[in-house]
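If you're matching positions, the sequence shown starts at 1 in UniProt numbering and goes up one per residue. Here a beta-carbon is modelled for each residue, glycine too, at the ideal position from N, C-alpha and C. To start, the structure under review is shown below, and the notes come after it.
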Amino acid sequence: MRSLCRVPSPPLVIGLKDFQRIQESSQVLSKEQRAAELEALKAQREAVLEAVNERKAAAKRQALVQQSKLSELEEEARERAQHLQQWASRMRMEQEDEIKEFSEARPPSPPHPSLTEPKGRGGRRQELVKQIERNAEERALRAEQRDQESQEMLRYLEQLKVEEQKELEQKKEQQKKIQAEIKRINDENQRCREERLQQERAADERALEYQRQKMEREAELEAEQHRIRREKEKEMAQLRAMQQRALDQQAERDALRAKRSQEAAEREWRRKEKEAVLRKAEMEEQLRRGRSQQIAAREHSMAVQAQRDRLDFERVLRAQREQIEKEQAEEARRAALQLSHADAVRRQIQERQQRCAQERVAAFQESQRLQEEAEQRSRRIAQLKLLKIQELRWCPRP
């Protein structure tokens, strides 16, 4: 008879908490329980991925809203700059026309005072003509100065327009960089998702391979037990046949000896019967001990294998959980970096908006000042025209 006893492993010394944990998880999970646990792990991963995708979508929506606000502000700035440029051009044309008109409008040369009027009145008229000429020269100088100021204002507006165009191009370039960064992040997330899917598929394949190997081990163990039972039954049948042959031979010998001595035969028969009973009892005891040893060895082997299976399953499950925790920490770190980058971009955009708003306010105030000066100049020109007409009326005609 072949013995299946194995050399037991050395005893393990563990703590109370570990013993309680092993005792709680000592039951071998069924196929449905393992499938449910795998589904729970997949659901947890999908929930983490969904949360990350939701944060990315929110950041993208916020970036689109910020981009639309920037487009509106840029359009408003372009309209204001165009309006200021048109107004400055129109004021320059009006000023040039007025200067030309007043340059051509010269008072007529008065006649010689000795021919038409007395000497005192003629001197006063010459003084008035000189005053009108001086006023005209001063008006021409002021008009030229205002024209220079208008030219400087136009140059400033043109420079402001160029700067706004450069800033617009910088904003567009920044938006392109942001979009490229978003695309890179999306590609990175897609690559991470593909890697996670590959890892999940590999984990599923490892779990299926582990289940297949475990089922093969269980089938081999069951086949070995079935073979042991068959061998034991075969040995029992051989023992019973040997006992039967021994009894038959003994009966024949007893029948032959019966003729010689009934008493001796009976004593010999009783002795051999007793020996046969003892041998049978001893053989049955040996069979019982062998069967007990086989059962104990088989139970020990099954317990050792079950403990190894539990340790392997816990190791695989612990590795999967550690991998999930690492992936969650990595996703949280990437989300924090994305939020920090988005905050920095928003701060830069807000600073540019404030600077543009201040420059637009300064330009608008300057245009208001120029407009007020032009209105004051128009009023002074009208007053000077009226004064000139009155002076001409005061002067006597030739």
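Residue i versus residue j - alpha carbon distance
i, j, result
"Leu-311", "Gln-328", "25 angstroms"
"Ile-132", "Glu-351", "55 angstroms"
"Pro-8", "Gln-294", "Bear in mind that a pLDDT of 48 at Pro-8, under 50, signals an unreliable position, so the number given afterwards is only what the model happens to contain. Cα-Cα distance, rounded: 14 angstroms."
"Gln-145", "Ala-180", "52 angstroms"
"Lys-274", "Arg-229", "30 angstroms"
"Gln-165", "Asn-189", "36 angstroms"
"Leu-339", "Gln-376", "55 angstroms"
"Ala-281", "Ala-264", "25 angstroms"
"Arg-315", "Ala-51", "28 angstroms"
"His-300", "Gly-290", "15 angstroms"
"Lys-259", "Gln-244", "24 angstroms"
"Ala-58", "Ile-185", "14 angstroms"
"Gln-262", "Leu-256", "10 angstroms"
"Ala-342", "Glu-200", "32 angstroms"
"Glu-173", "Arg-333", "27 angstroms"
"Ala-35", "Leu-208", "10 angstroms"
"Leu-387", "Gln-159", "41 angstroms"
"Arg-253", "Ala-219", "51 angstroms"
"Ala-374", "Leu-337", "55 angstroms"
"Gln-353", "Lys-171", "11 angstroms"
"Arg-267", "Glu-233", "34 angstroms"
"Arg-393", "Ala-362", "46 angstroms"
"Ala-40", "Leu-317", "12 angstroms"
"Ala-303", "Asp-187", "50 angstroms"
"Arg-193", "Glu-79", "47 angstroms"
"Glu-216", "Arg-196", "30 angstroms"
"Arg-270", "Arg-227", "39 angstroms"
C-beta atoms of residue i and residue j nearer than 7 angstroms
i, j, result
"Lys-272", "Gln-307", "no"
"Glu-391", "Leu-128", "yes"
"Gln-320", "Ala-202", "no"
"Ala-335", "Arg-61", "no"
"Leu-370", "Met-153", "yes"
Option in the options with minimal Cα separation from residue i
i, options, result
"Tyr-156", "Lys-177, Ala-207, Gln-145 and Phe-364", "Phe-364"
"Arg-206", "Lys-60, Phe-313 and Gln-323", "Phe-313"
"Lys-214", "His-226, Lys-183, Ile-178 and Asp-309", "Asp-309"
"Glu-163", "Cys-356, Ala-335 and Gln-376", "Cys-356"
"Asn-53", "Ala-40, Gln-126, Trp-269 and Ile-182", "Ile-182"
"Leu-287", "Ala-264, His-300, Met-236 and Ala-303", "Met-236"
"Met-283", "Arg-393, Glu-372, Met-242 and Glu-330", "Met-242"
"Gln-348", "Ala-136, Gln-148, Gln-175 and Trp-269", "Gln-175"
"Val-65", "Ser-378, Ala-382 and Arg-346", "Arg-346"
"Leu-49", "Glu-331, Arg-379 and Ile-381", "Glu-331"
"Arg-279", "Asp-248, Arg-240, Ala-140 and Glu-224", "Arg-240"
"Glu-75", "Gln-211, Lys-161, Ile-381 and Leu-197", "Lys-161"
"Gln-178", "Gln-33, Ala-344 and Arg-139", "Looking at the sequence provided, one finds Ile at residue 178 rather than Gln. Answer by Cα proximity: Ala-344."
"Leu-221", "Gln-238, Ala-143, Ile-389 and Gln-305", "Gln-305"
"Ser-378", "Ala-47, Arg-124, Glu-37 and Ala-143", "Ala-143"
Contacts around residue i, its chain only, beta-carbon distance under 8 angstroms, and the 5 residues preceding and following it disregarded
i, result
"Ala-246", "Ala-276"
"Gln-44", "Ile-324"
"Leu-38", "Asp-204 and Ala-207"
7 angstroms Cβ shell around residue i - same chain, five flanking residues per side excluded
i, result
"Glu-231", "none"
Nonlocal neighbours in the same chain, by C-beta distance under 6 angstroms from residue i, ignoring five residues either side
i, result
"Ser-292", "none"
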